[in-house]
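> Handing you a structure now.
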Amino acid sequence: MERTVRNLIEGFPCIAVTGARQSGKTTFVRRLFPEKAYVSLEDPDQREFAENDPRGFLDRFPDGAVLDEAQRTPRLFSYLQGRLDRDGRMGIFILTGSQHFHLLENITQTLAGRTALLHLPPFCFEELKNASLLPEKADSTMLKGGYPPIHTRRVEPSSWLSGYTATYLERDVRSLLNVRDLSAFQRFVRLCAGRAGQLLNLSSLSAECGVVHNTAKAWISVLEAGSIVFLLRPYFRNFNKRLVRTPKLYFLATGLL
Numbered sequence: 064m065e066r067t068v069r070n071l072i073e074g075f076p077c078i079a080v081t082g083a084r085q086s087g088k089t090t091f092v093r094r095l096f097p098e099k100a101y102v103s104l105e106d107p108d109q110r111e112f113a114e115n116d117p118r119g120f121l122d123r124f125p126d127g128a129v130l131d132e133a134q135r136t137p138r139l140f141s142y143l144q145g146r147l148d149r150d151g152r153m154g155i156f157i158l159t160g161s162q163h164f165h166l167l168e169n170i171t172q173t174l175a176g177r178t179a180l181l182h183l184p185p186f187c188f189e190e191l192k193n194a195s196l197l198p199e200k201a202d203s204t205m206l207k208g209g210y211p212p213i214h215t216r217r218v219e220p221s222s223w224l225s226g227y228t229a230t231y232l233e234r235d236v237r238s239l240l241n242v243r244d245l246s247a248f249q250r251f252v253r254l255c256a257g258r259a260g261q262l263l264n265l266s267s268l269s270a271e272c273g274v275v276h277n278t279a280k281a282w283i284s285v286l287e288a289g290s291i292v293f294l295l296r297p298y299f300r301n302f303n304k305r306l307v308r309t310p311k312l313y314f315l316a317t318g319l320l
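Here the sequence shown is numbered in our numbering, starting from 64 and rising by one per residue.
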């Protein structure tokens, strides 16, 4: 991943790193670009400044910056486009975002062709092994999953994951989609977890949750946008078959199962 980013900053003025909350995006980009100024747009004061005076906000960083949770300030992207075009240098701004849908929407509207998009998943088996963080037992590895805080802090995995799920439901789901019945959505997530590795059956999921098929389809899209699940398409030589055949449902972090 580091090598990929190093290569991309030679050809793009902006790099955007997406991924689930707590997957290590901020740590990753700050370690790669220690010389760049860092701003978290989760900070209300910084966000207000960026929204009210986007040009003045960007002018504070003549050599670019790391803008964390950039999707929080949609108005900034149009001004960032102008700044990148005037500057002409590569690898000036580094963006991160936990809500892939909102960040991608802003990039495609204003920064298309100027931004390289990368996805940072939680730790994989090899990364845990190389960092000497791999539990001795395989079942412990599966129960913990790959979210960095579980391995780098002294926390109980089940407690941390419960809090993570609650935060995701309360914050991200409401902003991505108008989910009025959170309990039904929670039931939907649990049912998806029980079907991990199986063919996605939206009709069955919607029936068991008591929602219509289109709602279940939208909820799957929300889970994908939040980097909670991914859909694995079947392989066929005929590309059209890959698109129309039913995918399998997987969770990006096994600890959430």
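Using N, Cα and C, we set each Cβ at its ideal position, and we do this for glycine too. Please read these numbers as outputs of a predicted model, since none were measured by experiment.
Relative to the C-alpha of residue 73, which candidate in 117, 179, 99, 140 has its C-alpha closest?
Comparing Cα-Cα distances from residue 73 to each of 117, 179, 99, 140, the minimum goes to 179.
> Taking just the CA atoms, how far does residue 152 sit from residue 201?
Residue 201 and residue 152: Cα-Cα distance of roughly 46 Å.
> Would a C-beta distance cut-off of 8 Å place residue 312 and residue 294 closer than the cut-off?
Yes, they are a contact pair.
> Note down, in chain order, each residue of its chain lying with its Cβ closer than 8 Å to the Cβ of residue 96, except the 5 sequence neighbours on either side.
Cβ neighbours of residue 96 beyond the five flanking positions: 129, 157.
> Among 159, 115, 267, which one has its Cα closest to the Cα of residue 89?
It is 159.
> For residue 75, I'd like the list of residues in its chain whose CB is within less than 8 Å of its CB, leaving aside the five on either flank, ordered along the chain.
So the qualifying residues of the chain are 153, 154, 177, 178, 179.
> Out of curiosity, what's the CA-to-CA distance linking residue 303 and residue 265?
Between residue 303 and residue 265, the C-alpha separation is close to 21 Å.
> With 16 other CB atoms within 10 Å as the buried threshold, where does residue 131 fall?
So residue 131 ends up on the buried side.
> Which class does residue 344 belong to by DSSP, given the choice of helix, strand or coil?
In the structure displayed, the chain extends from 64 to 320; residue 344 sits before or after that span and is not available.
> Just the C-alpha distance for residue 248 and residue 282, rounded to the nearest angstrom, thanks.
So the alpha carbons of these two residues sit roughly 8 Å apart.
> Please tell me whether residue 208 and residue 184 are closer than 8 Å, where the distance is taken between their beta carbons.
Cβ atoms of residue 208 and residue 184: not closer than 8 Å.
> Cβ of residue 322 within 8 Å of Cβ of residue 309?
Because the chain here runs from 64 to 320, residue 322 falls outside it and cannot be looked at.
> Count the other CB atoms, across all protein chains shown, that sit within 10 Å of the CB of residue 175; report buried if there are 16 or more and exposed otherwise.
Counting Cβ neighbours within 10 Å, residue 175 comes out exposed, since fewer than 16 surround it.
> Which of helix, strand or coil does DSSP assign to residue 160?
The answer is strand: DSSP assigns residue 160 an E or B state.
> Using beta-carbon positions only, say whether residue 113 and residue 166 come within less than 8 Å of one another.
No. Outside cutoff.
> Tell me whether the beta-carbon of residue 142 lies closer than 8 Å to the beta-carbon of residue 110.
Not a contact, by the Cβ cut-off of 8 Å.
> Nearest to residue 204 by CA position, among 188, 193, 218, 216, is which residue?
Out of 188, 193, 218, 216, 188 has the C-alpha closest to the C-alpha of residue 204.
> When DSSP builds the beta bridges, which residues end up paired with residue 44?
Residue 44 lies beyond the residue range present for the chain, which begins at 64 and ends at 320; the question has no answer from this structure.
> So who's on the other strand from residue 293, going by DSSP bridges?
Looking at the DSSP assignment, residue 293 forms a beta bridge with 313.
> Could you check what DSSP says for residue 77 in three-state terms: helix, strand or coil?
Strand.
> Can you check whether the CB of residue 105 is closer than 8 Å to the CB of residue 135?
The answer is yes: Cβ separation under 8 Å.
> Taking residue 254 and residue 291 to be in contact with their CB atoms under 8 Å, please state how far apart those CB atoms are, rounded to whole angstroms.
In fact, because the Cβ distance is near 13 Å, the residues do not count as touching under 8 Å.
> Would you list the residues sitting across from residue 182 in a DSSP beta bridge?
Answer is 81.
> By the DSSP assignment, the alpha helix (DSSP H) with residue 93 in it spans what residues?
88-95 is the extent of the alpha helix (DSSP H) around residue 93.
> Can you check whether the CB of residue 67 is closer than 8 Å to the CB of residue 191?
No; because the gap between Cβ atoms is not below 8 Å, this pair is not in contact.
> Can you look up residue 71 in the DSSP assignment and give me helix, strand or coil?
In this structure, residue 71 counts as helix in the three-state DSSP scheme.
> In or out: residue 116 buried (at least 16 other Cβ within 10 Å) or exposed?
It counts as exposed.
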